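S.K.: Residue numbers (this note's numbering), protein chains in the order written: chain A, 25 to 278; chain B, 2 to 252. A virtual CB, placed ideally from N, CA and C, is assigned to each residue, including glycine. The structure presented is a predicted model; accordingly, all values stated were derived computationally and were not measured.
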């Protein structure tokens, strides 16, 4: 086990009204090495907040987060954001090298590492370009390479393909699977797309409408490549759709 | 040259030509409006005699010192205020109070405190530049997308590294906006501060010529100020292109 959430809860404090609004409740979850874990839930269910807690960018209000295999020093996680979050003033190469740079890796070494990762995400030749000179899909490749540059054990994805058009999204889904297989990293992937969950995940954690709790955990053992039109895929899709539908209803009713 | 360029050239040349002719044919009194060629001639004489270059040097010295001090303080305070909440809280009321005051109105006070020489002029210019640069720098820091700060933190950057590697470059385009506005303000203020209590500088040259009803020399001063304005804008643009290549490419 790489990362364990023990009864994690998160509440937002609204300063204006003095209210405490619960966002997450009683999340207990283990992340296993090498898995492609999907956090699936309706908008506002707190799945992004959960990801931020895993990243250490937000502290849980209650419960604990454990890194049982942490060997001191480096952070275990790196995040890929929906809106790419690339530094506009840095070239592709300098963006990818940012993590090693702030960790004091010498220039030659970090640039070499960055070039290797730029190759991995199929962006060779774009090293000297600036983010605004790239398409959305290319930007997300840069963000992925940048997250990999710190050599984290876990990559955290916050709806990374939501801003892309349908065609590019399909291509990027295959790319993510390829890179997941090639690097052997653990992926934790937040999405509200059922299709994406079924196509990508080895395990799907379905969350309830806010405050987010774990409603169901599905192991997905379907062989790859998966097709949404396949019989087993369609059955899983239907089952998840019914479960997610209940939560969307609840979210709209509340 | 495009058609648009030709029209622009024709506009300038046509007006200058008409102006020259109207003066030469006696329809305009050169005491009010000297002909372009006679202004040019006066500029040439004053350049050869060293009078104009000297006035420019004296004024530029004041402008540059005021600009450098003012923008340094403005950038540093602006970055700090944008990044650190309590610095902003300490500065905010002062910015709100002093920003709207025309800085030329402070010049008499500064003469009182710093004397009639260069220091009071430089301080006036510095204060004028400072507030423009400060306000724009703060706005630039606030405009940085918070997700960039989050990403930097996630990648392991310390607070100091975030300041240097994210906040500073992120605010740089707005800093340059402040610097450009500040440069314009510096030229306005150097003129105003050179009207009184001085015996040198471009503003002095212009004002003295006015008092002698020497309109040609007034025009020499006006045109030279214009050239200085163009030159500073051009210089700052060049500096921005070198330091912010990611902006230029998007334009």
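Given a threshold of 16 other Cβ atoms within 10 Å of its Cβ, counted over all protein chains shown, does residue 200 (chain B) qualify as buried or as exposed?
M.R.: exposed
S.K.: Could you give the uninterrupted runs of the beta strand (DSSP E) lying entirely in the region 40–75 of chain A, keeping only those of 3 residues or more?
M.R.: Annotation: the region 40–75 of chain A contains the following complete segments of the beta strand (DSSP E) (minimum length 3 residues), in chain order: 43–55 and 60–64.
S.K.: Since residue 207 (chain A) contacts residue 60 (chain A) with CB under 8 Å, what's their CB separation in whole angstroms?
M.R.: At roughly 12 Å, the Cβ-Cβ gap does not stay under 8 Å, so residue 207 (chain A) and residue 60 (chain A) are not in contact.
S.K.: Can you find a heavy atom of the ligand NAP that lies under 8 Å from the Cβ of residue 273 (chain A)?
M.R.: Summarising the ligand content, the structure contains no ligands, and the ligand NAP is consequently not present.
S.K.: Taking residue 158 (chain B) as the query, report the chain A residues whose CB atoms sit under 7 Å from its CB, ordered along the chain.
M.R.: 126
S.K.: Select from the region 218–249 of chain B all residues with a C-beta closer than 8 Å to any C-beta belonging to chain A, and list them in chain order.
M.R.: 245, 246 and 247
S.K.: Roughly how many angstroms lie between the CA atoms of residue 197 (chain B) and residue 58 (chain B), to the nearest whole one?
M.R.: 18 Å
S.K.: Please state whether DSSP places residue 209 (chain A) in a helix, a strand or coil.
M.R.: coil
S.K.: Could you pull the DSSP bridge partners for residue 103 (chain A) from this structure?
M.R.: A:180
S.K.: How would you call residue 30 (chain B), buried or exposed, if buried means at least 16 neighbouring beta carbons within 10 angstroms?
M.R.: It counts as exposed.
S.K.: Could you check the C-alpha separation between residue 30 (chain A) and residue 167 (chain B) for me, to the nearest Å?
M.R.: 34 Å
S.K.: Between residue 101 (chain A) and residue 51 (chain A), which are expected to be in contact by the criterion C-beta below 8 Å, what is the C-beta distance as a whole number of angstroms?
M.R.: Residue 101 (chain A) to residue 51 (chain A), Cβ: 16 Å. No contact.
S.K.: Residue 203 (chain A) and residue 172 (chain A): beta carbons closer than 9 Å?
M.R.: Closer than 9 Å, so yes.
S.K.: Using a Cβ-Cβ cut-off of 6 Å (strictly less than) and excluding sequence neighbours within five positions of residue 241 (chain B), which residues of its own chain qualify?
M.R.: Contacts found: 177.
S.K.: Can you tell me which of the three DSSP states residue 197 (chain B) falls into?
M.R.: coil
S.K.: Would a check of beta-carbon distances place residue 40 (chain A) closer than 9 Å to chain B?
M.R.: Cβ-Cβ to chain B under 9 Å: no for residue 40 (chain A).
S.K.: With DSSP run on the structure shown, which of helix, strand or coil describes residue 117 (chain B)?
M.R.: coil
S.K.: Using beta carbons (cut-off 9 Å, strictly below), is residue 128 (chain B) in contact with chain A?
M.R.: No, residue 128 (chain B) lies away from the interface with chain A (no Cβ there is under 9 Å from its Cβ).
S.K.: Taking the beta strand (DSSP E) that residue 232 (chain B) belongs to, which residues open and close that run?
M.R.: First-last for residue 232 (chain B): 216–244, but that is the alpha helix (DSSP H), not the beta strand (DSSP E).
S.K.: If contacts are defined as beta-carbon pairs under 8 Å, then residue 65 (chain A) and residue 71 (chain A) qualify, I think. What distance do you get, rounded to the angstrom?
M.R.: 5 Å
S.K.: Could you tell me if residue 234 (chain B) is buried or exposed, where buried requires 16 or more neighbouring beta carbons within 10 angstroms of its beta carbon?
M.R.: Residue burial is scored here from C-beta neighbours: residue 234 (chain B) has fewer than 16 other C-beta atoms within 10 angstroms and is therefore classed as exposed.
S.K.: Hey, does residue 185 (chain A) have any beta-carbon neighbour from chain B nearer than 9 Å?
M.R.: no
S.K.: For residue 230 (chain A), list the residues DSSP reports as bridge partners.
M.R.: A:64 and A:240
S.K.: Using the rule of at least 16 other Cβ atoms within 10 Å of the residue's Cβ for burial, across every protein chain shown, is residue 100 (chain B) buried or exposed?
M.R.: That one is exposed.
S.K.: Ends of the alpha helix (DSSP H) at residue 39 (chain B)?
M.R.: 37–50
S.K.: Cβ of residue 43 (chain B) within 9 Å of Cβ of residue 35 (chain B)?
M.R.: Result yes, Cβ atoms of residue 43 (chain B) and residue 35 (chain B) sit closer than 9 Å.
S.K.: Give every residue of the same chain whose Cβ lies closer than 8 Å to the Cβ of residue 161 (chain A), excluding the five residues on either side of it in the sequence, and list them in chain order.
M.R.: 188, 192, 195 and 196
S.K.: Starting from the C-beta of residue 74 (chain B), find all residues in its chain whose C-beta is less than 6 Å away, skip the five residues before and the five after it, and write them out in chain order.
M.R.: 131
S.K.: Here's a check: name, in chain order, each residue in its chain whose Cβ is nearer than 8 Å to the Cβ of residue 218 (chain A), leaving out the five neighbours to either side.
M.R.: 64, 261, 264, 265 and 268
S.K.: Do residue 62 (chain A) and residue 78 (chain A) have their C-beta atoms within less than 9 Å of each other?
M.R.: no
S.K.: May I ask which residues mark the beginning and end of the beta strand (DSSP E) holding residue 151 (chain B)?
M.R.: Run containing residue 151 (chain B): none in the beta strand (DSSP E); it sits in the alpha helix (DSSP H), 147–155.
S.K.: Do three or more CB pairs link the region 131–138 of chain A to the region 108–123 of chain A at distances below 8 Å?
M.R.: yes
S.K.: Tell me whether residue 86 (chain A) sits in a helix, a strand or coil according to DSSP, three-state version.
M.R.: In the structure shown, residue 86 (chain A) sits in a strand (DSSP, three-state: E or B).
S.K.: How should residue 258 (chain B) be labelled, buried or exposed, when 16 other C-beta atoms within 10 angstroms of its C-beta is the threshold for buried?
M.R.: Because chain B in this structure spans residues 2 to 252, residue 258 (chain B) falls outside the shown range and cannot be described.
S.K.: Apart from the five residues just before and just after residue 237 (chain B), which ones in its own chain have a Cβ nearer than 7 Å to its Cβ?
M.R.: Excluding residues within five positions, the ones whose Cβ falls inside 7 Å are 177, 180, 181 and 184.
S.K.: Any beta carbon of chain B sitting closer than 9 Å to that of residue 81 (chain A)?
M.R.: yes
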